[in-house]
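Protein sequence lines, in the order shown, are assigned to chains A and B.
Count the first sequence with the numbering used here and you get residues 1 to 151, in order.
Count the second sequence with the numbering used here and you get residues 152 to 585, in order.
A quick write-up on the structure given underneath.
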Amino acid sequence: MLKIISLGNEWRGDDSIGPYLLKKLEELCFPVPIQLINAGTDAFQLLDHLMGNEPLLIIDCAQMGKSAGTVCKFHLTEANIHSVDNAISLHGFSFGEMWRMAGRLGDVAPCTILGIEPEQIEFGKPLSEAVQAHIPQAMQLLQEEINQYAN
Amino acid sequence: MSRDLSIDVHHITRVEGHGNIVVDMKNGELRKAQLDIVEPPRFFEAMMKGRSFHEAAIITSRICGICSLGHQMTSLKATEAALGLELSEQTIKLRKLLVHGSTFQSNVLHALFLATPDFLNVGSVFPLVETHKEVVLAALRLKRLANEMGEIISGRAVHPISCVPGGFTQIPTEDKLKYLKEQLETQGLKDVAFVAEVLKSLAGEIPVFKRETEYISVYSDEEYGLYDGQICSSDSGLYPVEDYLSVTNEFVVAHSSSKHARFNRSSYMVGALARFNNSHKLLKPEARDLAASLGLVAPNFNPYMITVAQVVEVLHCVLDSIDLLDDLLTTGLKQEKPNQQPTKYGRGIATTEVPRGILFHDYTYNRQGIIEAANCIIPTGQNLANIDDDMKKLVPEILDQGKDTITKKLEMLVRAYDPCISCSVHMLDVEFVE
């Protein structure tokens, strides 16, 4: 079963885009069973999922050096892990560290990232206009990914 | 080594807490040896005021993502004491299972992910993945098993949702409990045995240090005190939980934003070693044997042995979980509804052992079932004065061992207590000024 996992702090501006999109997905009907998981900001909790066999689609605010709101979808590899390496960190473990640890412990679940470039991630701020403007594009990419999995 | 020594192990920013180790010695005289806590208070007690009894456990569970279950249990028990809500035996057994899962998960992760890198002279768990892959995998399997216990019994691994005042909103199926029992009996016990063997092989790396202190924990005549019981002091005996304020005696110190605590001495210890010292006779026989084989004999006055006591508890919790599951499956599960009809209103006080030690919640409810006052005393705060006292004795004893060794042993000491700030302490910048 495809697992769609959101990362990010719901109270930190554009960092909340992952949980926001996940909530929008909860309102939809899918052609096949999909597991929706809000992983918050604790990368360590992702380890079990990364060590599983089921494909992961991770939605996260990611600082990729692009203009605010830019949406990128890519399959995660060693070559591009730096794009999301510092996206989240709690208890000293970043997502990149967890991904590499999973790789050293065994096979890693196929992992696709839907990253959205933030404008600001300050506490107490809402989603920026730049990110809000790209929500339809992000939802379309998510829907395409789900359809591709279903087929 | 100079008779002057200044150590400032300064914190780096981590969301779960900040702590600094500060040592100042001049002309052979120890002026300062302490753990500074600079994390701002979070005012959970204030948040509780005006909330209904349905919300208390949901809110306090958020005090900690690691021991959310312990806070939830203690909160529920305090509410039930205040409102006179009786519990069924089934509810208590299911809750004990949750406490066991939470305890063995936290103990395993601390022992293997935070303490073991010290014993192997590596900086973190990541090099362990290369050199001790099977250890990491065993720890992760035990963590996953504990998560499954939480998901099956309480609906979620972190911040449980089906535990409510008076019982459970949903009872797990017998098939799911059978699955848990089978997992615990097979892979669970196998992984615990492996973890114990690893720790045994590292026994020589555990620093030798002795300082007798007062040990305070939950105590029950019937079982190893975790879910419920009286307050036990190794110095002065048993006290009803309602007397917790006269035991904890919180006070403010300048170097910590968290209050310190003391009872019969200048400080006391809570946590796995305190529980072991006070309740070791009530461990499962296999866990007692494991303790002996790991060189842990009560009373033990070496705080570095907390890690060993944690591993002994892991075996106890797994074995007792199997027994509890046996009981539940033999009796058969009843589809009970939670008892949420208050028979009184007023003050309720409860205690539970969470992985880091004895935890107290104290609520006062008005006749509408709304909280008017709340007090929570967590284990890490109770250990802080004891950590300072340990440092004051340890530093002069190891002064000739060199800066690196002194710093490492101080960090290991703080980490041994498994404080909520341990992740930060593990990655601190170290600065010496002489």
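Using N, Cα and C, we set each Cβ at its ideal position, and we do this for glycine too.
Whole-Å CB distance - residue i paired with residue j, under 8 Å assumed
i, j, result
"B/Asn526", "B/Tyr419", "Contact doesn't hold; Cβ gap of about 19 Å is too wide."
"B/Val392", "B/Ile473", "Contact flag wrong, Cβ pair sits at about 28 Å."
"B/Val505", "B/Cys218", "4 Å"
"B/Ala347", "B/Leu441", "6 Å"
"B/Gln223", "B/Pro316", "Actually they do not touch by this definition, with Cβ atoms about 11 Å apart."
"B/Phe264", "B/Leu293", "Actually they are not in contact, since the Cβ atoms of B/Phe264 and B/Leu293 sit about 11 Å apart, beyond 8 Å."
"B/Met199", "B/Ile522", "5 Å"
"B/Ala308", "B/Leu260", "Actually they do not touch by this definition, with Cβ atoms about 13 Å apart."
"B/Gly252", "B/Gly301", "6 Å"
"B/Arg498", "B/Ala197", "Contact doesn't hold; Cβ gap of about 18 Å is too wide."
"A/Gly13", "A/Ile121", "5 Å"
Straight-line Cα distance separating residue j from residue i
i, j, result
"A/Glu145", "A/Leu114", "10 Å"
"B/Glu299", "A/Asn147", "30 Å"
"B/Lys360", "B/Asp540", "It is Phe, not Lys, that sits at residue 360 of chain B in the sequence shown. One C-alpha to the other measures close to 13 Å."
"A/Lys125", "A/Glu119", "11 Å"
"A/Ala87", "A/Gln63", "In this prediction, A/Ala87 scores a pLDDT of 49, lower than 50, which makes its location untrustworthy; the coordinate-derived value is nonetheless stated afterwards. Rounded to the nearest angstrom, the two C-alpha atoms are 7 Å apart."
"B/Ile322", "B/Val469", "21 Å"
"B/Tyr375", "B/His411", "26 Å"
"B/Lys559", "B/Lys351", "21 Å"
"B/Val398", "B/Leu535", "15 Å"
"B/Ser409", "B/Asp269", "26 Å"
"B/Asp569", "A/Leu46", "22 Å"
"B/Asp356", "A/Glu97", "Before going on, a small fix: residue 356 of chain B reads as Glu here, not Asp. When rounded, the distance between both Cα atoms is 27 Å."
"A/Pro33", "A/Tyr149", "10 Å"
"B/Lys432", "B/Val343", "20 Å"
"A/His91", "B/Asp386", "Model confidence at A/His91 stands at a pLDDT of 41, short of 50, so the residue's coordinates are unreliable and nothing is read from them."
"B/Leu377", "A/Gln132", "49 Å"
"B/Asp155", "B/Asp175", "8 Å"
"B/Ile172", "A/His134", "47 Å"
"B/Ser590", "A/Phe123", "Here chain B has residues from 152 to 585 only, and residue 590 of chain B is not among them."
"B/Lys244", "B/Lys554", "50 Å"
"B/Cys383", "B/Phe194", "28 Å"
"B/Glu565", "B/Leu353", "Looking at the sequence provided, one finds Val at residue 565 of chain B rather than Glu. Cα to Cα, B/Val565 sits roughly 19 Å from B/Leu353."
"B/Glu401", "B/Ser417", "11 Å"
"A/Ala138", "A/Ala109", "22 Å"
"B/Leu236", "B/Asn490", "6 Å"
"B/Ala425", "B/Glu437", "19 Å"
"B/Thr267", "A/Ser94", "20 Å"
"B/Leu186", "B/Thr531", "12 Å"
"A/Leu25", "A/Pro31", "13 Å"
"A/Met1", "A/Glu54", "6 Å"
Element boundaries [alpha helix (DSSP H), containing residue i]
i, result
"B/Glu523", "No alpha helix (DSSP H) holds B/Glu523; the beta strand (DSSP E) holding it covers Ile522 to Ile528."
"B/Leu189", "Looking at the sequence shown, residue 189 of chain B is not Leu but Val. Segment: none, B/Val189 is in no alpha helix (DSSP H) and carries neither H nor E."
"B/Thr558", "Lys554 to Ala567"
"A/Tyr149", "Ile135 to Ala150"
"B/Gly301", "Lys284 to Ser305"
"B/His261", "Unbroken run through B/His261: none, as it is neither H nor E."
"A/His49", "Leu47 to Leu50"
"A/Gly18", "Ile17 to Glu26"
"B/Gly446", "Per DSSP, B/Gly446 belongs to no alpha helix (DSSP H) and is neither H nor E."
"A/Phe44", "Careful: A/Phe44 lies outside any alpha helix (DSSP H) and carries neither H nor E."
"B/Pro489", "Element bounds for B/Pro489: n/a, residue is neither H nor E."
"B/Ile473", "Ile457 to Thr482"
"B/Lys329", "Glu325 to Gln334"
"B/Pro570", "That residue, B/Pro570, is in no alpha helix (DSSP H); it is neither H nor E in DSSP."
In DSSP terms, what residue i is bridged to
i, result
"B/Thr515", "B/Arg498 and B/Ala524"
"A/Thr112", "A/Leu57 and A/His75"
"A/Ile37", "A/Ile5"
"B/Cys314", "B/Phe319"
"B/Ala184", "B/Val174"
"B/Cys383", "B/Ser368 and B/Leu389"
"A/Arg12", "A/Phe123"
"B/Lys420", "The sequence shown places Met at residue 420 of chain B, not Lys. Per DSSP, B/Tyr366."
"B/His411", "B/Phe402"
"B/Gly508", "B/Val505"
"B/Ser203", "B/Ile521"
"B/Ser157", "B/Asp175"
Proximity test, residue i beta-carbon vs the ligand FAD heavy atom, cut-off 7 Å
i, result
"B/Gln223", "Because no ligand of any kind appears in the structure shown, any question about the ligand FAD cannot be addressed here."
N-terminal and C-terminal residue of the beta strand (DSSP E) that residue i is part of
i, result
"B/Glu365", "Glu365 to Tyr370"
On the three-pair Cβ rule with 8 Å, is the region 206–214 of chain B touching the region 440–458 of chain B?
-> The region 206–214 of chain B, when compared against the region 440–458 of chain B, does not touch it at the 8 Å Cβ threshold.
Can we say the region 506–516 of chain B touches the region 363–374 of chain B, given the rule of at least three CB pairs closer than 8 Å?
-> Between the region 506–516 of chain B and the region 363–374 of chain B there are three or more C-beta pairs closer than 8 Å, enough to call the two in contact.
Should the region 31–47 of chain A be regarded as contacting the region 5–13 of chain A, the criterion being three or more beta carbon pairs within less than 8 Å?
-> Contact between the region 31–47 of chain A and the region 5–13 of chain A is present, because at least three Cβ pairs lie under 8 Å.
How do the region 50–60 of chain A and the region 12–29 of chain A stand: do at least 3 beta-carbon pairs fall below 8 Å, yes or no?
-> Output reads yes: the region 12–29 of chain A touches the region 50–60 of chain A.
Three CB pairs or more closer than 8 Å across the region 167–185 of chain B and the region 479–486 of chain B = At 8 Å Cβ cutoff, the stretches do not touch.
Do the region 539–557 of chain B and the region 174–184 of chain B make contact, defined as three or more Cβ pairs closer than 8 Å?
-> Proximity of the region 539–557 of chain B to the region 174–184 of chain B meets the contact definition, three or more beta-carbon pairs being nearer than 8 Å.
Touching by the beta-carbon criterion (3+ pairs, under 8 Å), the region 322–331 of chain B and the region 62–79 of chain A | No, the region 322–331 of chain B does not touch the region 62–79 of chain A.
So does the region 273–284 of chain B actually touch the region 97–116 of chain A, counting three or more Cβ pairs closer than 8 Å?
-> As far as the Cβ criterion goes, the region 273–284 of chain B touches the region 97–116 of chain A, which means the pair count is three or higher.
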